[in-house]
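So for the sequence shown, our numbering puts the first residue at 69; every next one is plus one.
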Amino acid sequence: MATGAASFLYSSIRDLLEAKIETAELPPGSVLKEGSIAIQLGVSRAPVRRALLMLCEAGVIRAADGQGYVVGTAKPVPLSPRRLHEILVTQSDDIGRSATWERIFAEVSDAVMASMPFGTYRIQEEELGDYHRVSRTVAREVLWRLMDRRLIEKNRKSHWIIGQMTARDIRETLEMRQVLEPRALGQVANGLARGWLAGLAARIDKAIEAFPDMDGTVLDEIETEMFQTMYAGLRNARMLSSIGRNQISLIVPKLFRQHFPIRDDLPALREYSQIVHHLRTGSVDVAQVLLSSHLVRVERLTLARLRVLSELPPPRSVPYLIAIH
């Protein structure tokens with residue numbers, strides 16, 4: 069049984085690599101090292117070693133002058149861990165991986181964000197996979213995507229780190245939002261569905277009428293619509309990506325509402341109502357000015373809330389988060 073499983077594994081890895089080479093996803097010159105591939109696929113080095121040797125014997129790759137192998141006859145070109153991950157993981161199901169990162173991403177993201185005001189944490193990749201019952205490949209995909217959103221980073225020891233959210237982070241990201249989001253709003257405004265805007269306006273008005281007797285998740289949902297769904301149709305992918313990476317200031321009110329009664333959110337709701345009203349009536353330039361003013365106004369409130377949150381006891385952490393300081 070064990071021999072059959074091992075045979076399937078190295079054969080599957082060989083087939084995966086060969087397919088990537090044939091389609092030029094692993095382009096000529098790509099340097100392939102057994103350790104790096106094993107890490108990305110979440111397997112031991114032995115089946116990777118055998119798969120690479122088989123490809124070498126078939127003339128698909130050649131032994132490098134140093135360590136590893138090179139695709140084809142081109143000049144060696146090293147691949148970054150991120151690039152190798154992107155190339156290989158899309159078909160990792162071919163070697164027995166069935167779970168996907170989407171299933172656990174929101175839960176892991178919430179755990180990461182909940183810890184940010186309280187200190188610096190290390191994410192243990194293996195424990196993350198064990199906790200959610202997914203492979204290390206899937207766990208790593210989640211971590212890469214969190215890093216893309218600048219919620220975590222890798223340190224010099226290649227550890228996944230959640231940095232403590234600081235006042236400087238809030239100021240800098242709000243400054244970026246003030247530059248990016250009004251411009252983005254101007255670009256997407258004419259493409260926003262009238263029915264969607266009407267529904268959003270109704271939800272905001274209902275929240276204003278009920279304030280403060282409401283669940284904080286209602287405000288969370290409205291802000292998701294205002295600052296994420298609103299820009300979903302943006303054609304400039306780089307701008308959209310930059311907006312997503314600079315919205316950590318939205319984490320603070322969300323966390324604050326989990327710990328304290330709703331009290332200071334009414335001005336924001338009224339500003340959202342005005343922005344949506346002017347989008348519905350075609351006064352896009354006014355909506356842009358109102359959005360810019362809102363982002364300037366909330367800086368002081370966001371910083372005050374961050375200070376209060378940082379004084380609270382750290383939340384009960386999931387087992388894969390280890391406090392560093």
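By construction, the Cβ of each residue, glycine as well, lies at the ideal position given by its N, Cα and C atoms.
- Contact between S98 and V139 holds, with the beta-carbon distance rounding to 4 Å and staying under 8 Å.
- By the C-beta density criterion, A87 is exposed, having fewer than 16 other C-beta atoms within 10 angstroms.
- CA-CA distance, L100 to S79, rounds to 17 Å.
- Scanning N258, E289, Q135 for the CA closest to the CA of I272 turns up E289.
- For A131, the pairing in a beta bridge is given by DSSP as Y137.
- Around the C-beta of E175, fewer than 16 other C-beta atoms lie within 10 Å, and the residue is accordingly described as exposed.
- Burial check for H153: the Cβ neighbour count within 10 Å reaches 16 or more, so the residue is buried.
- Taking C-alpha positions only, F295 is separated from L363 by approximately 11 Å.
- For M307, the closest of L265, R262, L337, V247 by C-alpha to C-alpha distance is V247.
- If you compare the alpha carbons of Y340, D332, T349, A391 with that of T370, the shortest gap goes to D332.
- The Cβ atoms of N314 and R262 lie no closer than 7 Å to each other.
- According to the DSSP secondary-structure assignment, Y189 is paired through a beta bridge with I230, A391.
- Between V386 and Y189, the beta carbon gap of about 10 Å keeps them out of contact (Cβ cut-off 8 Å).
- For the options M215, L121, I191, the alpha carbon positioned closest to that of S310 is the one of M215.
- Between L389 and S183, the gap from beta carbon to beta carbon is short of 7 Å.
- Taking 7 Å as the cut-off, the Cβ atoms of V352 and A269 do not count as close.
- Spanning the alpha carbons of A235 and L374 requires a straight line of approximately 8 Å.
- The region 269-309 contains, as complete alpha helix (DSSP H) runs of 4+ residues, the segments 284-295 (chain order).
- Secondary structure note for P329: it is in no alpha helix (DSSP H), with a DSSP letter that is neither H nor E.
- Shortest Cα-Cα distance from V210 to any of E194, R224, K225 involves E194.
- Our two residues, V206 and S177, have alpha carbons roughly 14 Å apart in a direct line.
- For R151, the uninterrupted alpha helix (DSSP H) segment begins and ends at 149-157.
- Taking C-beta separations shorter than 6 Å and ignoring five residues to either side along the sequence, the partners of W169 in its chain run V206, E209, V210, following chain order.
- Per DSSP, reduced to three states, the secondary structure at S98 is strand.
- Taking the CA atoms as reference points, Q326 sits about 9 Å from T285.
- Residue state for K143 is assigned as coil, using DSSP reduced to three classes.
- When secondary structure is reduced to three states using DSSP, K225 falls in the coil class, being assigned neither helix nor strand.
- A direct Cα-to-Cα measurement between D283 and L334 gives close to 14 Å.
- Non-local beta-carbon contacts of R118 in its own chain, meaning distances under 7 Å to residues more than five positions away in sequence, involve Y78 in chain order.
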